[in-house]
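Residues 1265 to 1464 (the working numbering) make up the sequence shown, in order. Heads up, the beta-carbon is just placed ideally off N, CA and C, and yes, glycines get one too. Model, not experiment: these values are computed from the prediction. Structure first, then comments.
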Amino acid sequence: MSALPGEILKIVTYARDLSDNLKMLQLLERAKKENKKLIGLCMGDLGEISRVLSPLYGGFLTFGSLETGQESAPGQIPANSLKDIYRVNNKRKDFKVYGVIGNPISKSMGYLIHNRAFREINSDDIYVSFLVENVEKFFITFKDFFSGLSVTMPAKENIIPLLDSVDTTARSIGSVNTVFPGRRKVGRLQYRLFWCHRGP
1265 MSALPGEILK IVTYARDLSD NLKMLQLLER AKKENKKLIG LCMGDLGEIS
1315 RVLSPLYGGF LTFGSLETGQ ESAPGQIPAN SLKDIYRVNN KRKDFKVYGV
1365 IGNPISKSMG YLIHNRAFRE INSDDIYVSF LVENVEKFFI TFKDFFSGLS
1415 VTMPAKENII PLLDSVDTTA RSIGSVNTVF PGRRKVGRLQ YRLFWCHRGP
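Right, here's the structure in full:
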């Protein structure tokens, strides 16, 4: 990449799979190590997390819309949300990624609540929304990426067979709403129950 001409490079793709975001973030990390300025983003609903996370992974900048309904590219997030909710302008050395998984996730308010809480306690951590179509594939691909997840429908039920440990109450209800990575097995998850219920 360092051999490519130009002071600032721009690579924008259309996310056809959630894992495309990981590839873009890895590319941004590589560019940062090579001291190359790179704008790297994924478009579309599946690419929204790249727009939030790219500055944290070394991206030169990210693009936001003036406001909701005035997007100039698919998946753009309003600039004021990028700045005020996700704090993309803040320099962060150490941060953890948290989020919500499910489909649909557009109604989830978790990103507002958790990112506000992180800001209030001066934490560099960030909470994003993962539009997950296949729960098992998500965990295989993202197992080393997140530090904790909220779970919404339909993943509340689909996730149980993928977990190493499930609280007795959650198992009897048949619904899980919070998970965090465990250390007992590589690539598997432990479960800690904060609150769960049967979804409507």
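- A direct Cα-Cα distance of roughly 26 Å separates Lys1300 from Ser1336.
- The residue among Asp1408, Glu1400 and Phe1444 with its C-alpha nearest the C-alpha of Pro1425 is Glu1400.
- Annotated as proximal: Phe1359 and Asp1388, with beta-carbon spacing under 7 Å.
- Non-local C-beta neighbours of Lys1296 in its own chain, meaning closer than 6 Å and more than five positions away in sequence, comprise Gly1322, ordered along the chain.
- Less than 7 Å divides the Cβ of Leu1292 from the Cβ of Gly1304.
- Thr1416 is a Cβ neighbour of Val1364, given a cutoff of 7 Å.
- Ranked by Cα distance from Ser1345, the first of Phe1406, Asp1431, Ile1313 and Tyr1362 is Ile1313.
- Of all alpha-carbon atoms in Asn1353, Ser1329 and Ile1404, the one lying nearest the alpha-carbon of Ala1343 is that of Ser1329.
- Straight-line spacing of the CA atoms in Val1352 and Pro1338 works out to 19 Å.
- Under DSSP, Gly1412 takes part in a beta bridge, and its partners are Tyr1362.
- Collapsing the DSSP output to three states places Tyr1321 in a helix.
- Non-local C-beta neighbours of Ala1419 in its own chain, meaning closer than 7 Å and more than five positions away in sequence, comprise Ile1365, Gly1366, Val1396 and Val1399, ordered along the chain.
- Given a length threshold of 4 residues, each whole run of the alpha helix (DSSP H) inside the stretch 1365 to 1389 is given here in chain order: 1374 to 1384.
- The beta-carbon distance between Tyr1350 and Asn1386, rounded to whole angstroms, is 16 Å. This is too long to meet the 8 Å contact definition.
- Lys1274 is bridged by DSSP to Ile1303.
- Beta-bridge partners of Tyr1391 (DSSP): Tyr1362.
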